[in-house]
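Written below as structure tokens is the structure these notes are about.
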Amino acid sequence: MDARPSPLSLKKVGSGRSEVSTVSGLLGLGGGEDQRSSLPSPSSSASSSMFEYFGWVYHLGVNSIGHEYCHLRFLFIRGKYVEMYKRDPHENPGIKPIRRGVVGPTLMLEEVGRRKVYYGDVYVLRFFNRLEESKKGEIACATAGEAQKWLEAFDQAKQQAEFELSRGGSARNKLNMETELNLDVHRPRVRRYASGLKKLIRIGQGPETLLCQSSSLGANGSTDGYFERDIGDAIEAYKWKCVRTINGVRIFEDVANSESGKGVIVKAVAVIDASADTAFEVLLNLERHQRYEWDMLTGDLELLDSYDGHLDVVYGTFDPRWHSKRDFIFSRQWFRGQDGTYTILHFPAVHKKKPPRSGYRRTKINPSTWEIRNLNTSMGSNTPRCLVTQMLEINSAGWCRWKKNHCSKFEKSVPYALLCQVGGLKEYIGANPALKFETSTTVIQSKVSEVSVSTAEFEESEVKDEFYDAMSADSSSSDEELDQKDAKLSLKRTSAADATNKELDSEVAPVMIDTSQLHGSLRTGKDDTDTNCWTSPSGTGFMIRGKNYLKDNSKVMGGDPLLKLIGVDWFKVDKTIDRIALHPRSLLQSEAGKKLPFVLVINLQVPAKPNYSLALYYAADRPAKPNSLFAQFVDGTDMFRDARFKLIPSIVEGYWMVKRAVGTKACLLGKAVTCKYFRQDNFLEIDVDIGSSSVARSVIGLVLGYVTSIVVDLAILIEGKEEAELPEYILGTVRLNRLRLDSAVHLKV
Numbered sequence: 023m024d025a026r027p028s029p030l031s032l033k034k035v036g037s038g039r040s041e042v043s044t045v046s047g048l049l050g051l052g053g054g055e056d057q058r059s060s061l062p063s064p065s066s067s068a069s070s071s072m073f074e075y076f077g078w079v080y081h082l083g084v085n086s087i088g089h090e091y092c093h094l095r096f097l098f099i100r101g102k103y104v105e106m107y108k109r110d111p112h113e114n115p116g117i118k119p120i121r122r123g124v125v126g127p128t129l130m131l132e133e134v135g136r137r138k139v140y141y142g143d144v145y146v147l148r149f150f151n152r153l154e155e156s157k158k159g160e161i162a163c164a165t166a167g168e169a170q171k172w173l174e175a176f177d178q179a180k181q182q183a184e185f186e187l188s189r190g191g192s193a194r195n196k197l198n199m200e201t202e203l204n205l206d207v208h209r210p211r212v213r214r215y216a217s218g219l220k221k222l223i224r225i226g227q228g229p230e231t232l233l234c235q236s237s238s239l240g241a242n243g244s245t246d247g248y249f250e251r252d253i254g255d256a257i258e259a260y261k262w263k264c265v266r267t268i269n270g271v272r273i274f275e276d277v278a279n280s281e282s283g284k285g286v287i288v289k290a291v292a293v294i295d296a297s298a299d300t301a302f303e304v305l306l307n308l309e310r311h312q313r314y315e316w317d318m319l320t321g322d323l324e325l326l327d328s329y330d331g332h333l334d335v336v337y338g339t340f341d342p343r344w345h346s347k348r349d350f351i352f353s354r355q356w357f358r359g360q361d362g363t364y365t366i367l368h369f370p371a372v373h374k375k376k377p378p379r380s381g382y383r384r385t386k387i388n389p390s391t392w393e394i395r396n397l398n399t400s401m402g403s404n405t406p407r408c409l410v411t412q413m414l415e416i417n418s419a420g421w422c423r424w425k426k427n428h429c430s431k432f433e434k435s436v437p438y439a440l441l442c443q444v445g446g447l448k449e450y451i452g453a454n455p456a457l458k459f460e461t462s463t464t465v466i467q468s469k470v471s472e473v474s475v476s477t478a479e480f481e482e483s484e485v486k487d488e489f490y491d492a493m494s495a496d497s498s499s500s501d502e503e504l505d506q507k508d509a510k511l512s513l514k515r516t517s518a519a520d521a522t523n524k525e526l527d528s529e530v531a532p533v534m535i536d537t538s539q540l541h542g543s544l545r546t547g548k549d550d551t552d553t554n555c556w557t558s559p560s561g562t563g564f565m566i567r568g569k570n571y572l573k574d575n576s577k578v579m580g581g582d583p584l585l586k587l588i589g590v591d592w593f594k595v596d597k598t599i600d601r602i603a604l605h606p607r608s609l610l611q612s613e614a615g616k617k618l619p620f621v622l623v624i625n626l627q628v629p630a631k632p633n634y635s636l637a638l639y640y641a642a643d644r645p646a647k648p649n650s651l652f653a654q655f656v657d658g659t660d661m662f663r664d665a666r667f668k669l670i671p672s673i674v675e676g677y678w679m680v681k682r683a684v685g686t687k688a689c690l691l692g693k694a695v696t697c698k699y700f701r702q703d704n705f706l707e708i709d710v711d712i713g714s715s716s717v718a719r720s721v722i723g724l725v726l727g728y729v730t731s732i733v734v735d736l737a738i739l740i741e742g743k744e745e746a747e748l749p750e751y752i753l754g755t756v757r758l759n760r761l762r763l764d765s766a767v768h769l770k771v
């Protein structure tokens, strides 16, 4: 029988430690547009240093007789090497790993989402070889914050592997070479990590835990790198006005939305003394005794079904004080952004498991969203903080009557009780100190480490398998937080001329691009009222990193794009298609397309039934300037491209819930979904597999449901990480006006 850890034997959720030792003295954790990158790039001298992370996880899988297992394991990452132990090697010197492998550049990781394992919920990470997806494995963490830290740790290991590969030789040759050098002719060299001030990072709260998450929700995430500002990277048209303050919670109305006659959107906002991870876990927890302590409206909730790790359906009844004998069903959809911000969407729903109940009246709840983001801690304080925002769509007639008369009827309404959930959450966490001070990532400074590690024994031991090979087998036998100022926004625009001179070869005569000879399957729009078409807006609607971003986090308004959008193909395909630029029906295969100096092709692969491909073609009137950032991106490695390829989305017009789901934050696409790069002749194609991420699939599914009524702006750019690469510039933009799915041209592969 499969040996399963008993949840009763576990005392506390999510413990472990993680250590980082770097030349630069910076944490290798972080990721998000508004956080300075502390990860050395593959080309930097710091890349040769050894990064180390360790902590407790669960290893999930199926054994040889078909039984699922969930085993508590201690995971250790040194550079590009990974080891898995049954016990903590720090507390059990001499213990041998049960799994050992190498993280190669082809390793892909996906955050699968929340999953019930035996008696508790965990957050699952799936990893696989993008060249051979049969090689795969899964680990699980207690909280979404911990899962994100492990994603970043594996990403750092990939960067280490990429740095070593950049010195020449193929991945497999290098692995074999390392194995050949691991002869027993050298005594293991014991290295003690005590030379200078080192950083210890604890990921999680202890080995006793993942399945007891419901009784210990204090796994907070680090607030490193988050800035106190409620703004994205695209300019939105909200006009919020504070209309009421209740027990420290502000209630706002979107005046712009009300004036346009589109209904009433209101929100409640509060600062909570806990991390975003903690607030998120409390919100998702359906346990009755805990909900009764803060939720005065929907205390009785029952989970009906879960889908895809990021979506579930919940049944509930109202407290009799608000509605006697009334029940409801709603769906919850959630995801975590690269900057650590959580978004939860609530929609009214129906489910076959809960038909109308005798004696109860089925109520349709108000669509709403929760957004939870970390804030900087106060000077001299270690208490984490987060900003919690609940947005709600309510009946305009009732809201207007309440505003005019200021009678007490609104205080007796369901929307009022929903908005008060923010206040209840704030008071509940404030009354439970354990939730406020336990952290999933704790930074410790130490002059001397008590851990002695035989580096040569690890590096010179025979490691022939990549980590997903080892993990797929049956196993049943921050640096000191920087004092960041609030980001400053500047209205100064970046200069398109400066970007052109900096990134394109000025010694080559520019070619006149005649767009009349270039036609994609999706037509160009005549004006903003046109539908099922595309246009190319300026970059003024997007905020990008300014010249002084590394010093003061200032952003500037984008300028005109560097590249010209020459056409868009909107295809319907039976299965996902890569290298679409080579297809005979592609715009790039026309005679005019072949004569262009350079074209960047963005192939957005949309998962649906059937699948779709949206191909964007951006042309340059001359080649890239040698050694420029653009040239490094075009002719660089896939690892470099993944770390730099950035997209900023913005729903200009459309349903407000879709706007909240998509957001306006910049996203490093190579970190969020699988991107494949194809460089040939006069073009670089980037195939963006949106279906490779369960979160992205979930969001795009929501967008497709409203696609005929929304206007979407997208900006693509290369992230600037060094002073010489700033200010950033926009590579290209596109506006998609109310697309029709049935207008996509069928493309036979």
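Going letter by letter, the sequence shown gives residues 23 to 771 in the numbering used here.
Even glycine gets a Cβ: it sits at the ideal position worked out from N, Cα and C.
All of these numbers come straight from a predicted model, not from anything done at the bench.
GLN539 sits exposed, since fewer than 16 C-beta atoms from the chains shown fall within 10 Å of its C-beta. If you draw a straight line from the Cα of ASP664 to the Cα of LYS693, it comes to about 6 angstroms.
For LYS698, the enclosing beta strand (DSSP E) covers residues 696 to 702. Under the DSSP assignment, VAL84 falls in the beta strand (DSSP E) whose first and last residues are 74 to 84.
Rounded to whole angstroms, the gap between the alpha carbons of TYR140 and ALA290 is 36 angstroms. Less than 8 angstroms divides the Cβ of SER714 from the Cβ of GLU132. Comparing alpha-carbon positions, the option among LYS434, PRO559 and ARG682 lying closest to THR411 turns out to be ARG682. LEU326 and GLY685 have their C-alpha atoms roughly 28 angstroms apart. Here PRO370 carries a strand assignment [DSSP, helix/strand/coil]. Nearest neighbour of ARG719 by Cα position, chosen from ASP330, ASP549, ILE99 and GLY77, turns out to be ASP330. For ASN625, the three-state secondary structure derived from DSSP is strand.
The Cβ-Cβ distance between LEU587 and TYR640 falls below 8 angstroms.
Beta bridge pairing from DSSP links SER353 with VAL335 and PHE369. Counting only runs that start and end inside the stretch 654 to 717, the alpha helix (DSSP H) elements of at least 4 residues fall at 660 to 666, 678 to 684 and 691 to 694.
Your pair LEU726 and GLN360 does not check out as a contact, with CB atoms roughly 23 angstroms apart and the cut at 8 angstroms. Between the alpha carbons of VAL734 and LYS698 lies a distance of about 24 angstroms. Shortest Cα-Cα distance from THR339 to any of ILE566, TYR314 and GLY83 involves TYR314.
Excluding its 5 nearest sequence neighbours in each direction, LEU447 has C-beta neighbours in its own chain below 6 angstroms: TRP316, listed in chain order.
In the three-state reduction of the DSSP assignment, ASP600 falls in the coil class.
In the same chain as ARG152, and ignoring 5 residues on each side of it, the C-beta atoms closer than 7 angstroms to its own belong to THR128, MET130 and THR696, in chain order. With a contact defined as Cβ atoms closer than 8 angstroms, ASP295 and GLY452 qualify at about 6 angstroms. If you draw a straight line from the Cα of TYR751 to the Cα of LYS347, it is about 58 angstroms long. For ASP322, the CB contacts under 7 angstroms within the same chain, skipping 5 residues up- and downstream, are ARG310, GLY338 and THR339 in chain order. Residue environment for SER731: exposed (fewer than 16 other C-beta atoms within 10 angstroms of its C-beta). Counting along the chain, ILE451 sits inside the alpha helix (DSSP H) bounded by residues 436 to 452.
Sequence-distant partners of ILE712 (beyond 5 residues in either direction) whose C-beta falls short of 8 angstroms from its own C-beta, in its chain, are LEU626, GLN627, VAL628, PRO629, VAL695, ALA718, ARG719 and ILE722. Taking all protein chains shown into account, VAL530 has fewer than 16 neighbouring C-beta atoms within 10 Å of its C-beta and is therefore exposed. By DSSP's assignment, ASP295 forms no beta bridge with any residue. Exposed is the label assigned to GLU113, since fewer than 16 other Cβ atoms lie within 10 Å of its Cβ. When the five nearest sequence neighbours on each side are left out, the beta carbons in the same chain lying within less than 6 angstroms of the beta carbon of SER650 are those of GLU525, in order along the chain. Taking C-beta separations shorter than 7 angstroms and ignoring five residues to either side along the sequence, the partners of ILE416 in its chain run VAL286, VAL288, ASN388 and PRO437, following chain order. Annotation: the continuous alpha helix (DSSP H) that includes GLY615 extends over 613 to 616.
DSSP places TRP172 inside the alpha helix (DSSP H), whose first and last residues are 166 to 187. Of all C-beta pairs linking the stretch 653 to 661 to the stretch 553 to 570, fewer than three are shorter than 8 angstroms, placing the two stretches out of contact. Between PHE700 and ARG601, the C-beta spacing is below 8 angstroms. With a 10 Å radius around the Cβ and a threshold of 16 neighbouring Cβ atoms, SER86 comes out exposed.
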